[in-house]
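J.: In my numbering, the protein residues as written are 4 to 706.
All C-beta atoms, glycine included, are put in the ideal place defined by N, C-alpha and C.
Structure provided below as structure tokens; questions to follow.
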């Protein structure tokens, strides 16, 4: 027990997470701390229990989810209650974001938030009247933040669930300590019915460094778990050497089929906790660190797929209750040779646990490297390879592949005929010495050498391969690798030629990094979105950033309609292009976009016309009784619908229709019944690239 609490807090601020190993031995406590009281401290805010669609800490592409999303069965209008006694001090009415939201300050320093409401409570609290006055005085339907003082009691009706703002119908609920410190509601007393444990699907093992191997190779591999009554196990035993790190695919389900995040995770080695994270609390200044929790390369928001990092060498986790040994990177050189037992544990909000247990064999030197098995495709032609460039030598002929592993490169030599001994490989970075690198044989016709890159020796690294075949004939081949160091404190710029760049502001990287930009081939072209540039892969792929970097690509001089151009990212999980931005620098003929992780980017031309469909009432329909609204679906493939361009006319009168991008729907509510007879609804729209949709018209009759 530490008596000096101020000293303890200072240690935590310094990032000395391993102190927790001394103060509270991990084996003596659960992954998640118990709530302050066994009784329900907070009342569930929604009248129905239809399951949860998202929990605290769930993945979003540029942030961590800061609350709990209650499902409402695709409906609106369910009663929403105050979770405890308090004072409503703020309402928010916005077109996007939280839409209509209520903020309550409770007497214990905690605030609660209720978002995406359809309506505020009027009968007792008069909140709708309060909002309407603000709308009139500010002359806008969306007056933003409104401040007031209205006392409420635990369980009192405060509003009705809806789908205002972003997303489809649901209730977003938060508990915060102050205005900027979201808390996991389940970690401080909120309860929800849940009788299922998390699911652990697979583990990814990745060697770290040129002297580290998995099955004799530097590549990461994913191993699928098999579930049995005893838990999750692996059908085979991976062999490792050197340093390795782990990722795990896991999810939880809470009263619904959709996947949610787990709420705590732990990696143990030989019975000793090695890495742990509790999704307890973060601040709105740290929740952008989503890439330190999730693997950007394999995680997606919808349909949900979560790959968690069981390592973090940087010490910048967004959560507070966490610990690690050596950043979660296991140095097997410090462990005895032979079998070791590893355990991955996942826990959900209700305290249910899932445990995956598997064995790993430590064999220094990567002794199980499939010797004698040809691995020609591993030089980089397979989909998941890190292939950079291939060089061919004259007869007897060899093929050379370069593979980028971040801090080192792998030189793969594939001869077309038997060689006399191992090839000799020399590497010389610009401004550095020429060095010979060790070579190992990875099969009958595959030789591999690795070279650790030296930071700061930027420019062309010259690689020379030479040797003799069994007939005594000599061979020689050359290859070039471009070294570009970005120092974390200073930032800097990496480029491909003179037309593609990425700029890192100071402090955007978590460590000094070798950044490479290379032409990419693993993508699909879309007819209506033709390429205006090459597709470039920015490496290290999936690397998260503390501050956004700027990707800039030069467009051809012959392109005049610049409004149709945009920077897009290729999403391999969804097999589609995603529009990012189109910031223009006409003097340099460059378009740019800010990014929070590295991926594949290109300039695309948006020729895709928006499509208008599903007008309601439909053409030729006959409507009886009242008609709540008129609407149309408007979809776009490229840069997106230009909401300001939407024109909806009813009998020649322009309506103030609103567009919901989540439903791709423009609608106008009808406050008065339409007259009997024939009516005409006409809709036209454009996209952000200036492409105009074919106008669509519907004629219908009201009886």
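Going by beta-carbon coordinates alone, are residue 245 and residue 45 separated by less than 7 Å?
T.: no
J.: Under 7 Å, do residue 186 and residue 178 count as touching if we go by C-beta distance?
T.: yes
J.: Restricting to runs no shorter than 3 residues, where is the beta strand (DSSP E) found entirely within the stretch 310 to 361?
T.: 310 to 312, 325 to 327 and 341 to 350
J.: If you measure between the beta carbons of residue 145 and residue 103, is that distance less than 7 Å?
T.: no
J.: Can you tell me whether residue 649 is helix, strand or coil according to DSSP?
T.: Residue 649: coil per DSSP, three-state reduction.
J.: For the alpha helix (DSSP H) containing residue 135, list its first residue and its last residue.
T.: 130 to 141
J.: Taking the straight line between their C-alpha atoms, what separation do you get for residue 141 and residue 225?
T.: Roughly 56 Å between the two C-alpha positions.
J.: Would you mind stating whether residue 345 and residue 326 have Cβ atoms separated by less than 7 Å?
T.: no
J.: Just checking my contact of residue 541 with residue 515 at CB under 8 Å: how many whole Å lie between their CB atoms?
T.: No, residue 541 and residue 515 are not in contact; Cβ-Cβ is about 17 Å, not under 8 Å.
J.: Please list, in chain order, all residues of the same chain as residue 409 whose beta carbon is under 6 Å from its beta carbon, the five residues on each side excluded.
T.: Counting only Cβ-Cβ distances below 6 Å, and skipping sequence neighbours, we find 543.
J.: By how many angstroms is the C-alpha of residue 250 removed from the C-alpha of residue 539?
T.: Roughly 26 Å between the two C-alpha positions.
J.: Could you give the uninterrupted runs of the beta strand (DSSP E) lying entirely in the stretch 214 to 272, keeping only those of 3 residues or more?
T.: 224 to 227, 229 to 231, 234 to 236, 242 to 254 and 267 to 272
J.: Between the stretch 543 to 552 and the stretch 284 to 295, are three or more C-beta pairs nearer than 8 Å?
T.: yes
J.: Which residues does DSSP pair with residue 490 in a beta bridge?
T.: 494
J.: Taking the straight line between their C-alpha atoms, what separation do you get for residue 284 and residue 312?
T.: 18 Å
J.: Looking at the strands, I want to know which residues DSSP matches up with residue 553.
T.: 506 and 597
J.: Based on DSSP bridge pairs, tell me the residues matched to residue 180.
T.: Its beta-bridge partners are 113.
J.: If contacts are defined as beta-carbon pairs under 8 Å, then residue 660 and residue 671 qualify, I think. What distance do you get, rounded to the angstrom?
T.: 4 Å
J.: What are the partner residues of residue 471, as DSSP defines its beta bridges?
T.: 477
J.: Please classify residue 191: does DSSP put it in a helix, a strand, or coil?
T.: helix
J.: With DSSP collapsed to three states, give me the class of residue 406.
T.: strand
J.: Does DSSP put residue 294 in a helix, a strand or coil?
T.: helix
J.: Name the DSSP beta bridge partners of residue 632, please?
T.: 672
J.: Return the first residue and the last residue of the beta strand (DSSP E) that residue 45 is part of.
T.: Residue 45 -> no beta strand (DSSP E), and no H or E assigned at all.
J.: Please name the residue, chosen from 323, 272, 352 and 82, that lies closest to residue 342 on a Cα-to-Cα basis.
T.: When only C-alpha atoms are compared, the closest one is 272.
J.: Measuring alpha carbon to alpha carbon, tell me which residue in 206, 242, 248 and 243 is nearest residue 229.
T.: 206
J.: What number of angstroms, rounded off, separates the C-alpha of residue 708 from the C-alpha of residue 584?
T.: Outside the displayed span of the chain (4 to 706) sits residue 708, for which this structure offers no information.
J.: Within 10 Å of its beta-carbon, does residue 221 have 16 or more other beta-carbons around it, so buried, or fewer, so exposed?
T.: With 16 or more other Cβ atoms inside 10 Å of its own Cβ, residue 221 counts as buried.
J.: If I'm right that residue 607 touches residue 571 with Cβ under 8 Å, what's the distance once you round it to whole angstroms?
T.: 5 Å
J.: Please name the residue, chosen from 641, 673, 663 and 646, that lies closest to residue 656 on a Cα-to-Cα basis.
T.: 673
J.: Give the secondary structure of residue 563 by DSSP, where H, G and I count as helix, E and B as strand, and everything else as coil.
T.: coil
J.: Which term fits residue 336, buried or exposed, when burial requires 16 or more other beta carbons within 10 angstroms of its beta carbon?
T.: Exposed: under 16 other Cβ atoms inside 10 Å.
J.: On a Cα-Cα basis, can you pick out the residue from 57, 164, 87 and 67 that is closest to residue 3?
T.: No statement about residue 3 is possible, as the shown extent of the chain runs from 4 to 706 and does not include it.
J.: Within the same chain, show all residues whose beta-carbon is closer than 6 Å to that of residue 693, passing over the 5 residues directly before and after it, in chain order.
T.: 566
J.: Between the stretch 605 to 625 and the stretch 634 to 641, do at least 3 Cβ pairs fall closer than 8 Å?
T.: yes
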